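What follows is one structure encoded as C-alpha cells, with my remarks underneath.
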Amino acid sequence: MKRLAICIFLISYAFVAGAQNVVKLLEKLNKTRKDTNRINMQLQLARHYLYKPGRPHTDMDSAVYYITQAEMLSKTIHATAYLDSVVFIKGELAIEQNNLSLANQIFTEAANHYQTHRQPLKEANVWRYFANHMPASDKAKTDNKLKIHNKAYEIYLKNGFKLQAADEQFDIALTYQNANQFDKAEQYYILVIKQFELLKSPRIAEAYYNLADTYYRKGDMPKELLARINCVNAYEANSKHDTYWGQYYYFTLGVAYYNKRQFGQALVYHQKCVDIAAKLNAHEIYNLGVHEILTCYINLKKYQTAIVYLKKTYQKFPQKTVIEESMFLSAEMKLYNHTKNNASAEKMIPRFKKILLLVRDGIPEESKKNYYAMDNFIATYDPLPKHYLLTRQWFKLANELTMLEALPTGKMSVLSKMTIYQHRFKVDSAKGEFLAALKGFQRIKIIKDSLTNIATSKQISELETKYLSVQKDKKIQELNNQSAIQKNNLEKIHQQRNITLAGVLVGFLLAGILYFAYRSKQRSNFKLKNKQKEINIQNTSLSFLLNEKEKLLQDKDNLLGRQQDLLTEKEWLLREVHHRVKNNLQIVMSLLYTQSAYLQNTDARDAIRDSQNRVQAISIIHQKLYSKSNVATIVMADYITDLVRYLYTCYDCGNRKIRFQENLDQVNLDISQAVPMGLILNEAITNSIKYAFDKTGGEILINAKLSAPETITLLISDNGKGLPSNFDLTETSSLGMEMMKALSKQLGGTFEIKNGPGVNVLVIFKVERQMRRLSS
33 MKRLAICIFL ISYAFVAGAQ NVVKLLEKLN KTRKDTNRIN MQLQLARHYL
83 YKPGRPHTDM DSAVYYITQA EMLSKTIHAT AYLDSVVFIK GELAIEQNNL
133 SLANQIFTEA ANHYQTHRQP LKEANVWRYF ANHMPASDKA KTDNKLKIHN
183 KAYEIYLKNG FKLQAADEQF DIALTYQNAN QFDKAEQYYI LVIKQFELLK
233 SPRIAEAYYN LADTYYRKGD MPKELLARIN CVNAYEANSK HDTYWGQYYY
283 FTLGVAYYNK RQFGQALVYH QKCVDIAAKL NAHEIYNLGV HEILTCYINL
333 KKYQTAIVYL KKTYQKFPQK TVIEESMFLS AEMKLYNHTK NNASAEKMIP
383 RFKKILLLVR DGIPEESKKN YYAMDNFIAT YDPLPKHYLL TRQWFKLANE
433 LTMLEALPTG KMSVLSKMTI YQHRFKVDSA KGEFLAALKG FQRIKIIKDS
483 LTNIATSKQI SELETKYLSV QKDKKIQELN NQSAIQKNNL EKIHQQRNIT
533 LAGVLVGFLL AGILYFAYRS KQRSNFKLKN KQKEINIQNT SLSFLLNEKE
583 KLLQDKDNLL GRQQDLLTEK EWLLREVHHR VKNNLQIVMS LLYTQSAYLQ
633 NTDARDAIRD SQNRVQAISI IHQKLYSKSN VATIVMADYI TDLVRYLYTC
683 YDCGNRKIRF QENLDQVNLD ISQAVPMGLI LNEAITNSIK YAFDKTGGEI
733 LINAKLSAPE TITLLISDNG KGLPSNFDLT ETSSLGMEMM KALSKQLGGT
783 FEIKNGPGVN VLVIFKVERQ MRRLSS
C-alpha cells in the first residue's frame, strides 16, 4: 500500500543544488575564453533558467539570452557539434513557452537536414528528443507525442539501430504509462524487456521497474511482485549496476512483499535499501526504509526489536522533513496499537494529527494526484483510525473516515481504497447498518479477488442469500406486528363504538367498558414488549453470526494464500529438478564425447554418438520443462522442432543435402510420454540420415497429428533407398528397432514400419492426460 513520491525529493534536491552552483558557473563564465567550454557553460545556464522553479519572465529572458550567445559563438568558431545542442534547447524553449508550432518547425528543420545528408541516426535522435520533451496533458497531445515517437522508432528500425529502437519503444511505453493507458504500456514494456534481453541492454532492470509500476497502477499486485523480483534480479546480475538506483529497486520490492503480507521477505529487501542509503548519505530514502522495517517488525510481533531499532535509527539524520517526521510518528502509533498501549497513543494524537495534516496540505497539487503521494499519506495516517477502532471510539473514527473519503480517488490505489472500505465496514457494522456493511464487504472482497486471483463469487452469493433470508424473516415479523397492531386498532374502534353506545345508555356500563379497555391495552403492550425483546435477541444473534462468518472467511483466505505459496514452491522445486536432470544429462553427454575421442573403432564411435543423441533427446525435454512456466508438460511441436534442429546440425545434413519437412500439431504432452516419443523420433530420424540417402541427399518428412480427440499419429518417412527386400520386423534384432518397439509399447501404442518409397515408421498412441491445442 505504501508508495513514495520519490521524484519530488529528487527534483527539489536538484534545483537547490543548481541554485548553489549557478553563481560559481557565472563567475567561471566571465573568466573563460571564447571556445567550446564557454559554449557549454552558456548552454548549462540557459537550461538552468529555462527549468528554474517558478520561471518568472526575467528567467525566460535569461534563457533566451544564453541560447542566443551560445548559437552566435558556435557559428563564429565553427563549432558545428554544439549547434545540435543549440537547436535542441531552442526547441525546448518553444515548448516551455507553449509555442508547439515553433517547436515543431525547429525540430522538423533539423530532422530534414539530417535526412538530406543521409544521417538517419541523428535524424531519429532529433525526433526522439522532440517527442520526449513534448507535453501530453490531453489525448490529442499524447497521440501527437506517440506519433513522433513512432516516427523515430521506424527510422531506428529501418536502419538497423536495434538498441536505439528498443530504447525508443521504452519511451513509447512510458508515454502510455503516463497517459494511464496501462494495458498498452504493459504490452510495450514486455516487448522492450525481450529486446533488452536479446541486446544485453543494462536498462532491463529499469524496464522491469516501470512494468511493475504499471501493474501496481492497474491493481495487479501478483504480477507487480513478479516484475519487482525480476527487476532486482536483473539489477544484481549486472556487475556494472548503479548502486544509487539499487536502493529504490530494493525498497519497492520490499513494499511489494509487504503488500502480500510476506513481512520476513519485505524486511530483507528494506534492510538492503537502508544499507545502501546509509552509504550514500541519502537521508530521505534511508528514513523511508527505516519506517518500512519498523512496520515489518511490528507485524511480525517483534515489538521489543522495533523499539530498539526506532531509538537506534531516529537520530541517524536529525534534520527531518515533515514527511519523514510523520513516518516515525506513524510507526510509533502503530507500535502502541499493537501493544495495546492506548494511553500513550492518546497522548500523541494532537502532535500526530498536526504533522500529518501538514503533510496532506503541503503536498503540491500535481503530487496529490499521483499514486505514490496519496497512498503514502493514507498508509502513514492509518494508525490513527485503527487506534479509534481498537478503542471503539466510533464517532471519532467516523470523522477521520469522512476526511479520508473526501480525498481524490481517481488515481488512488486499490489497496488504499480497501483500507478506507475496511474502516467503513467496521463503522457500519458497529452501528447495526447491516445493508451498508454488506455492500462494503462486497467491495472489499472484489478488491481482494483482484489482488489474489481467487474467485469468491460463491461466498458473496451465499452471504447475499443469508442476508435476504434474514431480511425476509424480518419482513414477515414486521407484517405480523402490523397485523397485530391492525387487529388491536379494530378492537379499539369496536370498543370505542360500544363505549359511545353504552355512554348513551348508562354511565356505569361506560365505566366498566373503560376499565376493560385499559386492561386490554396493558396486555397488548406487554405482548409488544415481548416481541421487541425477541427481535433484539435475534439482531444480537445475527451480529454475532456475521462476526463469526467474517473470521471464518479470513481464515479461509489465509489458508488459500498458504496453499498458493506451497503450489508456487512446488513448481520451483520441479523446475529445479528438471534443470538438474538436464545438467546431469549434459554431463553424461560430455563423458560420452570424451570417451569417443579416445576410440579408434568407427563402429564404437558411432554407437557412442547414437547414445549421445538419445541422451540429448531426453535433455531437450528437461530443458524445455525448466525454462517455461508449465513444468508438467511440453509442447510437442516445439520439442520435435528442437530435436530435428539438433540432429540436422549433428549429422551435417546441410552439406549432405538432406532436407526436413515438418507437419506438426500444437499438443501438450506429459513428460512420461514425451521421453519415449523423443527416443523413437531420434532412432527413426537417425536411421534415415545414416542409411537412407546417397550423395544426392533427400527429404525426411515428420508428421505428428491429432487423428482423434486423444490420439496422436506419428509418421517418420523418407524418400531414400528403403529397407532390404528380405527385411522382417519380427525377426530383426538391432538395438534401434528393439528400442522403438519397446518404447511404442511403453506409450501404449502401436508400432509399424513399412517399405517404399523409402522407409515409413508409424506410431499411433493415445494421450494419457488432458491435452489441449495451443493458440497459434
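Everything in the sequence shown is counted per our numbering, starting at 33 for the first residue and increasing by one.
Idealized CB from N, CA, C, for every residue including glycine.
As the structure is a computational prediction, the values presented were derived from the model and not from experiment.
Problem set entry | Rounded straight-line distance, which links the Cα of residue 585 to that of residue 497 | Caution is warranted here: a pLDDT of 43 is assigned to residue 497, below 50, making its placement in the model unreliable, and the coordinate value is therefore given only provisionally. Looking at the two C-alpha atoms, the distance is approximately 16 Å.
Exercise. Is there contact here, the stretch 740 to 757 with the stretch 701 to 721, by at least three beta-carbon pairs under 8 Å?
Worked result: yes
For this session: Alpha carbon to alpha carbon, how far is residue 774 from residue 781? Give it in angstroms, no decimals.
Result: 10 Å
Problem set entry | The alpha helix (DSSP H) enclosing residue 173, as first and last residue numbers | Here the alpha helix (DSSP H) through residue 173 covers 171 to 190.
For this session: Count the CB pairs spanning the stretch 248 to 256 and the stretch 264 to 281 that are closer than 8 Å, and state whether there are at least three.
Result: no
Problem set entry | Helix, strand or coil at residue 587 according to DSSP, with G and I counted as helix | helix
Exercise. Are residue 324 and residue 302 touching if we call contact CB-CB under 9 Å?
Worked result: Against a cut-off of 9 Å, the Cβ pair of residue 302 and residue 324 comes out as a contact.
Exercise. Below 9 Å between beta carbons: does that hold for residue 717 and residue 675?
Worked result: Their beta carbons are under 9 Å apart, which means residue 717 touches residue 675 by this criterion.
For this session: Could you check what DSSP says for residue 758 in three-state terms: helix, strand or coil?
Result: coil
Problem set entry | Coil, strand or helix - residue 166 by DSSP | coil
Problem set entry | Per-residue DSSP class, three states only, for residue 150 | It is coil, neither helix nor strand.
Exercise. Under 9 Å between the Cβ atoms of residue 680 and residue 686?
Worked result: yes
Problem set entry | Identity of the residues DSSP links to residue 694 by a beta bridge | 734
Exercise. So, does the CB of residue 134 fall closer than 9 Å to a CB anywhere in chain C?
Worked result: You won't find chain C in this structure, because it holds only one protein chain.
For this session: Could you name the residues of the same chain whose beta carbon sits closer than 7 Å to that of residue 534, not counting the 5 residues immediately before and after it, in chain order?
Result: 541, 542 and 545
For this session: Can you tell me which of the three DSSP states residue 580 falls into?
Result: In the three-state reduction of the DSSP assignment, residue 580 falls in the helix class.
For this session: Assign residue 747 to one of three DSSP states: helix, strand, or coil.
Result: strand
For this session: Return the chain-ordered list of same chain residues with a C-beta closer than 7 Å to the C-beta of residue 500, the five sequence neighbours on each side being excluded.
Result: Interpretation of residue 500 is limited by its pLDDT of 40, a score under 50 that renders its predicted location unreliable; no figure is taken from the coordinates.
Exercise. Cα separation between residue 92 and residue 126?
Worked result: 11 Å
Problem set entry | For residue 545, the three-state DSSP class (helix, strand or coil) | Note: residue 545 maps to helix in three-state DSSP.
For this session: Give the secondary structure of residue 448 by DSSP, where H, G and I count as helix, E and B as strand, and everything else as coil.
Result: helix
Exercise. Who are residue 785's beta bridge partners in DSSP?
Worked result: 793
Exercise. Sorted by chain position, which residues of the same chain lie with C-beta nearer than 7 Å to residue 784's C-beta, five sequence neighbours on each side aside?
Worked result: 794
Problem set entry | Between the CA atoms of residue 434 and residue 458 - distance to the nearest angstrom | 14 Å
Problem set entry | Start and end residues, alpha helix (DSSP H) containing residue 222 | 214 to 231
Exercise. Going by Cα to Cα distance, which pick from 363, 318, 338 and 683 is closest to residue 16?
Worked result: Because the chain in this structure spans residues 33 to 808, residue 16 falls outside the shown range and cannot be described.
Exercise. If you draw a straight line from the alpha carbon of residue 196 to that of residue 666, how long is it in whole angstroms?
Worked result: 35 Å
Exercise. What do you reckon, are the CB atoms on residue 693 and residue 733 nearer than 9 Å?
Worked result: Between residue 693 and residue 733, the C-beta gap is smaller than 9 Å, which places the two residues in contact.
Exercise. Taking all protein chains shown into account, do 16 or more other C-beta atoms lie within 10 angstroms of the C-beta of residue 548, making it buried, or fewer, making it exposed?
Worked result: With fewer than 16 other Cβ atoms inside 10 Å of its own Cβ, residue 548 counts as exposed.
Exercise. If you draw a straight line from the C-alpha of residue 648 to the C-alpha of residue 190, how long is it?
Worked result: 39 Å
Exercise. Quick one, are the C-beta atoms of residue 388 and residue 362 less than 9 Å apart?
Worked result: yes
For this session: With DSSP as the reference, label residue 497 as helix, strand or coil.
Result: Interpretation of residue 497 is limited by its pLDDT of 43, a score under 50 that renders its predicted location unreliable; no figure is taken from the coordinates.
Problem set entry | Alpha-carbon to alpha-carbon, residue 139 and residue 132 | 10 Å
Exercise. Beta-carbon separation of residue 736 and residue 672 under 9 Å?
Worked result: A distance below 9 Å separates the beta carbons of residue 736 and residue 672.
Exercise. Is residue 156 near residue 185, with beta carbons less than 9 Å apart?
Worked result: In this structure, residue 185 lies closer than 9 Å to residue 156 by Cβ.
Problem set entry | Cβ-Cβ distance between residue 15 and residue 419 below 9 Å | The structure shown has nothing for residue 15, since the chain only spans 33 to 808.
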